[in-house]
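There are 2 protein chains.
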Amino acid sequence: MYKLNRIDSGVCAADGFYADGIHAGLKANDALDMAFIYSDTLCEIASTFTTNKMAAAPIKHFKKKGDFKTNFLVINSRNANAMTGSKGVSDIDEILSSIEIEGLVNPVMSSTGVIGVRIPKEKIIAGTTKFDITKREPVNASKAIMTTDSFSKTIAFEVVLEDGSKFHIGAMAKGAGMINPAMATMLCFITTDADVSKKKMQKILDKTVKTTFNAASVDGDTSTNDTVMLFANKKSGVYNKEAFKEALHEIMLFLAKEMVRDGEGATKLVTYNVTGAKNDKEAEKVAKALSDSLLVKTALYGEDPNWGRIASTVGASGVTCKEETLKVSFNDLCVYDKGEIFFNKEMEVEAAAIMKLPAFTISCDLGVGKGCFTAYGCDLGYEYVKINADYRT
Amino acid sequence: MYKLNRIDSGVCAADGFYADGIHAGLKANDALDMAFIYSDTLCEIASTFTTNKMAAAPIKHFKKKGDFKTNFLVINSRNANAMTGSKGVSDIDEILSSIEIEGLVNPVMSSTGVIGVRIPKEKIIAGTTKFDITKREPVNASKAIMTTDSFSKTIAFEVVLEDGSKFHIGAMAKGAGMINPAMATMLCFITTDADVSKKKMQKILDKTVKTTFNAASVDGDTSTNDTVMLFANKKSGVYNKEAFKEALHEIMLFLAKEMVRDGEGATKLVTYNVTGAKNDKEAEKVAKALSDSLLVKTALYGEDPNWGRIASTVGASGVTCKEETLKVSFNDLCVYDKGEIFFNKEMEVEAAAIMKLPAFTISCDLGVGKGCFTAYGCDLGYEYVKINADYRT
Numbered sequence: 036m037y038k039l040n041r042i043d044s045g046v047c048a049a050d051g052f053y054a055d056g057i058h059a060g061l062k063a064n065d066a067l068d069m070a071f072i073y074s075d076t077l078c079e080i081a082s083t084f085t086t087n088k089m090a091a092a093p094i095k096h097f098k099k100k101g102d103f104k105t106n107f108l109v110i111n112s113r114n115a116n117a118m119t120g121s122k123g124v125s126d127i128d129e130i131l132s133s134i135e136i137e138g139l140v141n142p143v144m145s146s147t148g149v150i151g152v153r154i155p156k157e158k159i160i161a162g163t164t165k166f167d168i169t170k171r172e173p174v175n176a177s178k179a180i181m182t183t184d185s186f187s188k189t190i191a192f193e194v195v196l197e198d199g200s201k202f203h204i205g206a207m208a209k210g211a212g213m214i215n216p217a218m219a220t221m222l223c224f225i226t227t228d229a230d231v232s233k234k235k236m237q238k239i240l241d242k243t244v245k246t247t248f249n250a251a252s253v254d255g256d257t258s259t260n261d262t263v264m265l266f267a268n269k270k271s272g273v274y275n276k277e278a279f280k281e282a283l284h285e286i287m288l289f290l291a292k293e294m295v296r297d298g299e300g301a302t303k304l305v306t307y308n309v310t311g312a313k314n315d316k317e318a319e320k321v322a323k324a325l326s327d328s329l330l331v332k333t334a335l336y337g338e339d340p341n342w343g344r345i346a347s348t349v350g351a352s353g354v355t356c357k358e359e360t361l362k363v364s365f366n367d368l369c370v371y372d373k374g375e376i377f378f379n380k381e382m383e384v385e386a387a388a389i390m391k392l393p394a395f396t397i398s399c400d401l402g403v404g405k406g407c408f409t410a411y412g413c414d415l416g417y418e419y420v421k422i423n424a425d426y427r428t
Numbered sequence: 036m037y038k039l040n041r042i043d044s045g046v047c048a049a050d051g052f053y054a055d056g057i058h059a060g061l062k063a064n065d066a067l068d069m070a071f072i073y074s075d076t077l078c079e080i081a082s083t084f085t086t087n088k089m090a091a092a093p094i095k096h097f098k099k100k101g102d103f104k105t106n107f108l109v110i111n112s113r114n115a116n117a118m119t120g121s122k123g124v125s126d127i128d129e130i131l132s133s134i135e136i137e138g139l140v141n142p143v144m145s146s147t148g149v150i151g152v153r154i155p156k157e158k159i160i161a162g163t164t165k166f167d168i169t170k171r172e173p174v175n176a177s178k179a180i181m182t183t184d185s186f187s188k189t190i191a192f193e194v195v196l197e198d199g200s201k202f203h204i205g206a207m208a209k210g211a212g213m214i215n216p217a218m219a220t221m222l223c224f225i226t227t228d229a230d231v232s233k234k235k236m237q238k239i240l241d242k243t244v245k246t247t248f249n250a251a252s253v254d255g256d257t258s259t260n261d262t263v264m265l266f267a268n269k270k271s272g273v274y275n276k277e278a279f280k281e282a283l284h285e286i287m288l289f290l291a292k293e294m295v296r297d298g299e300g301a302t303k304l305v306t307y308n309v310t311g312a313k314n315d316k317e318a319e320k321v322a323k324a325l326s327d328s329l330l331v332k333t334a335l336y337g338e339d340p341n342w343g344r345i346a347s348t349v350g351a352s353g354v355t356c357k358e359e360t361l362k363v364s365f366n367d368l369c370v371y372d373k374g375e376i377f378f379n380k381e382m383e384v385e386a387a388a389i390m391k392l393p394a395f396t397i398s399c400d401l402g403v404g405k406g407c408f409t410a411y412g413c414d415l416g417y418e419y420v421k422i423n424a425d426y427r428t
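This is the structure in structure tokens:
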């Protein structure tokens, strides 16, 4: 048995971790635009990156290093350092070797912002001189990595095992479109003092990302810069697999939902519960088709309980299904059941009331097997168009 | 050699074909809401239907009949007769057997409109009493099948062969979202007096649909009711394969582009020319990813020449590609070439001017093979959200 206690200190929750955000002049108006995470003990890193073939320079730089330990991560916003070719990678080498902080080992870098513009090296190198690695300002760090985000996203747990021993795990993330290649990549940095090996945590991370970040969608796109990094400095000397797994899942699911809730222009967080599919893979296909469908997303925004769009999207997803076995519900209100049309004015009022909630669940039981998957999405309204049509200008 | 002369008479261009639209009380304000196509000679039919697993009742009804000839098609708007189960199919039987017009053989039906509501049989049967099969009003017929369309869509050709012999082919279509399951399915009806066999025309239709309707996207969805039917009554006694192929391709490409141009809220028609892909299939994947990407579509609406979003979408599509071989152009203006970043303020002005055009081309050469595909898409603006969020209420 173990207990997860939610605590406040984000990426500084774990022993030995320090972080802060500063203004380097990338964003206007003194807004924080660069952050660091420092550990006073070397860390092993588990990581997962975008599947986009145009992966940004920081990702290529990280992967090129192979197996290594580090104690320092620097992050900038406003420029993604993507589509910048080999120059983008050598820019990172130059930046990292110019940081005048003693004792850094294999520093790494992460970026988010505009694609296709060389990174402003001088400003960023000058920015690193403002870093004070004795600072513990996790909220500043999380603000510095924001782009189109309307709020910063952090979470941390103290994990207490049965014998009273403890470890900590904390995180920060940014992202408001699953991608907005102009601005809003998804980044997540997690720190822990749990005594976990790289191999173990990589395995747990890979599994957890599937049901959390990979199940969340704002606009169905995959950025050039998407990154999750998990830093473990082992300082607590404590580890319990089940507790670690649960804490990591809670953290990543919370942050994934926070991103969808903060989806560009989104007004609602919708959970898509797909059950009764031929297998889990087909359930995932349906859940993601629903969370990505423009027609479903605009109906959500219009608070229109148009179950016909849901059914049609299920049918268009290409999985095994038929109208005679499909069941559709909004929260606990069943609106269509196995070929029976019974949706009337009264039910429409009831369903419309559910759709006015800031968060609700749409369930589809396909009735053909035991496969299930849960995805998270949001509506699409005028603000999304505004943010994405008007950015850069 | 042969010549295609564009003529005006839509689905009545071919000898022996009659059509009209009437008001049956399905739409408000006396708007035309039912249409027929009649041929005074029996027709063979080639057809292609939605891949949506929730295919609507008219499609199930048609497929169930197997091989048959017909001389009559009835079409209604405002109700898709979809998700209506076996009752939806028997409703069609009842409607068709109630039509009091002499000499009808195997009449068929097509529907578009709201999903998940039983079709109003009485109104529709009463509507059929207003049909006059001696009428040739192709524009009325094309107006009657409109839903969210802002203009009606017809086209016809007289095809003159070298020896002076002629045949005709004409069509009407509706569709303004590739799907809006609430309203805007894509339907296309083509009539011809060419002396072509069912087998031949089915083969040509299957091939042509791939590069025309299946290459056009407003919102990336596939309706429950999507239908293309090609009726041939052979009255001209004339046929030439190449001429027929070209005329059919011209007709279907024109109507596909008209649908995209009429895309809900669209202000531009964009042609995506993808070349240099590993194979044609990968080129198609990229072209469709671009035409469906929310981020690309909103950038188009904002007239923002954000080539980074194009590159990122290519990378996210999962095909073989890399930034070192990619080339991106807006019309003839190359904005990114094989790893070189040279996009500057001047080019931005030039590119933005191209994006203000009502129609332009975005070309992506992947530089890894010889595969190519052309797709057609539109932008996504506030009007799309308005149409799709506010419908039904």
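For the record, the sequence lines run as chains Y and C.
57 is the number that the working numbering gives to position 22 of the first sequence; each next residue is one higher, with no gaps.
106 is the number that the working numbering gives to position 71 of the second sequence; each next residue is one higher, with no gaps.
Here a beta-carbon is modelled for each residue, glycine too, at the ideal position from N, C-alpha and C.
Next on the checklist: Starting from histidine 203 of chain Y, trace the beta strand (DSSP E) in both directions and tell me its first and last residue.
Outcome noted: Here the beta strand (DSSP E) through histidine 203 of chain Y covers 201-209.
- Can you tell me whether DSSP reads glycine 226 of chain Y as helix, strand or coil? This sequence places threonine at residue 226 of chain Y; glycine is not what is there. Here threonine 226 of chain Y sits in strand by DSSP.
So what's methionine 36 of chain Y in DSSP terms, helix, strand or just coil? coil
query = What's the C-alpha gap between leucine 335 of chain C and leucine 415 of chain C?
reply = 8 Å
Exercise for review: Can you tell me which of the three DSSP states phenylalanine 378 of chain Y falls into?
Suggested key: coil
Q: Tell me, to the nearest whole angstrom, how far the beta carbon of isoleucine 57 of chain C is from that of glycine 205 of chain C; I am working on the premise that it is less than 8 Å.
A: That pair is no contact at about 20 Å.
Next item on the list: Could you confirm whether any beta carbon from chain C is found closer than 8 Å to the beta carbon of phenylalanine 408 of chain Y?
Entry: No, no contact with chain C.
Measuring straight from C-alpha to C-alpha, what distance separates isoleucine 190 of chain Y and serine 146 of chain C? 52 Å
**Request:** Quick one: using the 10 Å Cβ neighbour count with 16 as the cut-off for buried, is aspartate 474 of chain Y buried or exposed?
**Result:** Coverage of chain Y is limited to positions 36 through 428, which leaves residue 474 of chain Y absent and any answer about it impossible.
Where does lysine 99 of chain C land, buried or exposed, given buried means 16+ other C-beta within 10 angstroms?
exposed
- Are the beta-carbon atoms of valine 403 of chain Y and glycine 300 of chain Y separated by less than 8 Å? no
When you compare the CB positions of leucine 361 of chain Y and cysteine 399 of chain Y, do they come within less than 8 Å of one another, or not?
yes
Mind pulling the alpha helix (DSSP H) runs of 4 or more residues that sit fully within the segment 296-347 of chain C?
315-327 and 329-336
**OP:** Would you give the residue range spanned by the alpha helix (DSSP H) that phenylalanine 97 of chain C belongs to?
**Re:** Phenylalanine 97 of chain C: member of the alpha helix (DSSP H) spanning 92-99, first to last residue.
Exercise. Using DSSP with H/G/I as helix, E/B as strand and the rest coil, what is lysine 270 of chain C?
Worked result: coil
Using a Cβ distance threshold of 8 Å, determine whether the segment 62-73 of chain Y contacts the segment 83-103 of chain Y, with at least three qualifying pairs required.
no
Checklist line | Within 8 Å, strictly: CB atoms of lysine 209 of chain C and lysine 188 of chain C | finding: yes
Checklist entry - According to DSSP, what are the bridge partners of isoleucine 80 of chain C? => result C:Phe266
Quick check: what's the CA-CA separation for methionine 218 of chain C versus asparagine 111 of chain C? For methionine 218 of chain C, the predicted structure reports a pLDDT of 42, less than 50, and the residue's modelled location is therefore unreliable. A value from the coordinates is still provided. Whole-angstrom Cα-Cα distance: 12 Å.
In angstroms with no decimal places, state the Cα-to-Cα distance between lysine 235 of chain Y and aspartate 261 of chain Y. 22 Å
- prompt: Taking Cβ positions only, does methionine 236 of chain Y come closer than 8 Å to chain C?
  reply: no
Name, going along the chain, the residues of the segment 348-365 of chain Y whose beta-carbon falls closer than 9 Å to a beta-carbon of chain C.
Thr348, Val349, Gly350, Ala351, Ser352, Gly353, Val354, Thr355, Cys356, Lys357, Glu358, Glu359 and Leu361
(message) Can you confirm whether the segment 108-126 of chain Y touches the segment 59-70 of chain Y when touching is taken to mean that 3 or more C-beta pairs between the two stretches lie within less than 8 Å?
(response) Touching, yes.
| request: Could you tell me the boundaries of the alpha helix (DSSP H) in which methionine 236 of chain Y lies? | output: It spans 233-246 - the alpha helix (DSSP H) in which methionine 236 of chain Y sits, taken as one unbroken run.
Pull up the CB-CB distance for glycine 353 of chain Y and isoleucine 150 of chain C, whole angstroms please, since I reckon it's below 8 Å. So it is not a contact: roughly 18 Å between Cβ atoms.
Practice task
Please report the Cβ distance between asparagine 106 of chain C and leucine 139 of chain C, rounded to the nearest whole angstrom; I am assuming they are in contact, meaning their Cβ atoms lie under 8 Å.
Solution key: With 8 Å as the limit, asparagine 106 of chain C and leucine 139 of chain C qualify as a contact, their Cβ atoms being about 6 Å apart.
* Asked: What first and last residue would you give for the alpha helix (DSSP H) that runs through valine 46 of chain C?
  -> Where valine 46 of chain C is concerned, there is no enclosing alpha helix (DSSP H), given that its DSSP letter is neither H nor E.
| said: Whole angstroms are fine: how far does the CA of methionine 264 of chain C sit from the CA of leucine 240 of chain Y? | reply: 51 Å
Closest Cα partner of cysteine 223 of chain Y within the set Y:Asp230, Y:Ile180, Y:Lys245 and Y:Gly199 = Here the closest residue by C-alpha is Y:Ile180.
*Does any residue of chain C bring its CB to less than 8 Å from the CB of serine 125 of chain Y?*
no
Q. Which first and last residues belong to the alpha helix (DSSP H) in which serine 146 of chain Y is found?
A. No alpha helix (DSSP H) contains serine 146 of chain Y, which is instead part of the beta strand (DSSP E) from 143-146.
**Request:** Rank Y:Glu285, Y:Ile422, Y:Tyr411 and Y:Leu108 by C-alpha distance to the C-alpha of valine 331 of chain Y and give the top, closest one.
**Result:** Y:Tyr411
- Which of helix, strand or coil DSSP assigns to proline 216 of chain Y: Annotation note: pLDDT 35 at proline 216 of chain Y (below 50); position unreliable, coordinate value reported separately. Note: proline 216 of chain Y maps to coil in three-state DSSP.
Check your understanding: So which residues on chain Y does asparagine 87 of chain C lean against when the C-beta distance must stay under 7 Å?
Key -> Those are Ser347, Gly350 and Ala351, listed as they occur along chain Y.
request  = For valine 295 of chain Y, decide whether its Cβ has a neighbour in chain C, counting only Cβ atoms nearer than 8 Å.
outcome  = no
Which same chain residues end up closer than 7 Å to leucine 290 of chain Y when comparing Cβ atoms and leaving out the 5 residues on each side of it in sequence? Lys188, Ile190, Ala206, Ala208 and Cys223, listed in sequence order.
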